[in-house]
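K.L.:
This is the structure I want to talk about, given as structure tokens.
2 protein chains.
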Amino acid sequence: MDKKDDNSVMIGGKPFMNYVTSVMVQFNNGANEVIIKARGKFISKAVDVVEVAKRKFLTEQKVKITKIVTDSEEFEREGEKKVCVSTIEITLKKE
Amino acid sequence: MDKKDDNSVMIGGKPFMNYVTSVMVQFNNGANEVIIKARGKFISKAVDVVEVAKRKFLTEQKVKITKIVTDSEEFEREGEKKVCVSTIEITLKKE
Numbered sequence: 053m054d055k056k057d058d059n060s061v062m063i064g065g066k067p068f069m070n071y072v073t074s075v076m077v078q079f080n081n082g083a084n085e086v087i088i089k090a091r092g093k094f095i096s097k098a099v100d101v102v103e104v105a106k107r108k109f110l111t112e113q114k115v116k117i118t119k120i121v122t123d124s125e126e127f128e129r130e131g132e133k134k135v136c137v138s139t140i141e142i143t144l145k146k147e
Numbered sequence: 053m054d055k056k057d058d059n060s061v062m063i064g065g066k067p068f069m070n071y072v073t074s075v076m077v078q079f080n081n082g083a084n085e086v087i088i089k090a091r092g093k094f095i096s097k098a099v100d101v102v103e104v105a106k107r108k109f110l111t112e113q114k115v116k117i118t119k120i121v122t123d124s125e126e127f128e129r130e131g132e133k134k135v136c137v138s139t140i141e142i143t144l145k146k147e
């Protein structure tokens with residue numbers, strides 16, 4: 053999952069509405085598709101961002117979820133055991 | 053989302069592995085499909101449960117995700133404002 057992908061929004065620790073705004077901006081800049089990505093504990097927040105964006109702000113533009121993919125990634129911290137973390141990618145698309 | 057649905061597992065505050073075990077038990081009891089459901093902050097945990105069940109325990113049985121649906125529910129607490137909470141339902145199916 054690369055933060056620099058075009059049309060993708062990576063969910064992290066910033067205030068919730070920042071991410072909703074990012075999604076809106078991408079669509080307003082002409083994107084047909086925006087992918088919301090998150091890892092671990094931010095997965096719940098990603099779903100919230102998608103639901104709020106869809107219901108409150110994108111009703112006129114008719115945006116809907118076209119794909120949801122979950123996966124898990126392994127990574128190692130120095131000298132520690134491997135850690136497994138779940139990921140999600142939710143694709144929103146203009147109809 | 054009804055906790056008493058057949059073949060569904062509602063994710064809450066119990067230890068993580070309880071839910072993984074519940075999923076396993078349902079498949080071992082002959083279910084072809086198990087639906088993992090969660091609301092709000094438990095959504096991340098639901099994805100973890102699905103990923104761990106799929107990768108560590110259900111490899112021989114070839115179980116895969118066939119559907120993921122997100123939604124949001126409104127509910128009212130007495131005398132308070134309406135609260136909106138996101139939900140997820142992940143369907144695991146034997147191939």
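In the order they appear, the protein sequences are chains A and B.
So the first sequence is residues 53 to 147, counted in this note's numbering.
So the second sequence is residues 53 to 147, counted in this note's numbering.
For glycine and all other residues, C-beta sits at the position ideal for the given N, C-alpha and C.
State yes or no: is the beta carbon of Gly-64 of chain A nearer than 8 Å to at least one beta carbon in chain B?
P.N.:
no
K.L.:
With Val-75 of chain A and Ala-105 of chain A assumed to form a contact (beta carbons below 8 Å), what rounded beta-carbon distance in angstroms separates them?
P.N.:
5 Å
K.L.:
Using a beta-carbon distance below 8 Å, is Val-102 of chain A in contact with chain B?
P.N.:
Chain B has a Cβ within less than 8 Å of the Cβ of Val-102 of chain A.
K.L.:
In chain B, what lies closer than 7 Å to Lys-93 of chain A by C-beta?
P.N.:
Ser-96
K.L.:
Have a look at A:Glu-85, A:Asn-81 and A:Phe-127 and flag the residue whose alpha-carbon is nearest the alpha-carbon of Thr-139 of chain A.
P.N.:
Selected option, being the one with the closest Cα: A:Phe-127.
K.L.:
In whole angstroms, what is the alpha-carbon distance linking Lys-56 of chain A and Met-62 of chain A?
P.N.:
For Lys-56 of chain A, the predicted structure reports a pLDDT of 45, less than 50, and the residue's modelled location is therefore unreliable. A value from the coordinates is still provided. Rounded to the nearest angstrom, the two C-alpha atoms are 9 Å apart.
K.L.:
Below 8 Å on C-beta distance, what does Thr-118 of chain A contact in chain B?
P.N.:
Going along chain B, no residue has its Cβ under 8 Å from Thr-118 of chain A, so there is no contact; the nearest lies around 12 Å.
K.L.:
Buried or exposed: where does Thr-122 of chain B fall if 16 or more other Cβ atoms within 10 Å of its Cβ makes it buried?
P.N.:
buried
K.L.:
Output needed for Ala-83 of chain B: all residues of its chain with C-beta closer than 7 Å, excluding positions within five of it in sequence on either side, in chain order.
P.N.:
Asn-59
K.L.:
Is it the case that the Cβ atoms of Val-86 of chain B and Phe-94 of chain B are separated by a distance below 8 Å?
P.N.:
no
K.L.:
Going by C-alpha distance, which of A:Lys-114, A:Asn-81 and A:Lys-133 is nearest Leu-144 of chain A?
P.N.:
For Leu-144 of chain A, the nearest C-alpha among the options comes from A:Lys-114.
K.L.:
For a minimum of 4 consecutive residues, which ranges assigned as the alpha helix (DSSP H) are wholly contained in the stretch 83 to 118 of chain B?
P.N.:
95 to 104
K.L.:
Could you pull the DSSP bridge partners for Thr-122 of chain B from this structure?
P.N.:
B:Ile-140
K.L.:
If I measure Cβ to Cβ from Lys-116 of chain B and keep anything under 8 Å in the same chain, skipping five residues before and after, which residues do I get?
P.N.:
Lys-106, Leu-144, Lys-145 and Glu-147
K.L.:
Please go through the same chain and pick out, in chain order, the residues whose beta-carbon is closer than 6 Å to the beta-carbon of Val-102 of chain B, but skip the five residues on each side of it.
P.N.:
Ile-88 and Ile-142
K.L.:
Is there a Cβ of chain B sitting closer than 8 Å to that of Gln-140 of chain A, yes or no?
P.N.:
Per the sequence presented here, residue 140 of chain A reads as Ile, with Gln not at that position. So yes, Ile-140 of chain A belongs to the interface.
K.L.:
Relative to the alpha-carbon of Val-137 of chain B, which residue among B:Ala-90, B:Thr-118, B:Asp-100 and B:Lys-119 has its alpha-carbon at the smallest distance?
P.N.:
Of B:Ala-90, B:Thr-118, B:Asp-100 and B:Lys-119, the residue nearest in Cα terms is B:Ala-90.
K.L.:
Taking the alpha-carbon positions, what's the Met-69 of chain B to Thr-118 of chain B distance?
P.N.:
22 Å
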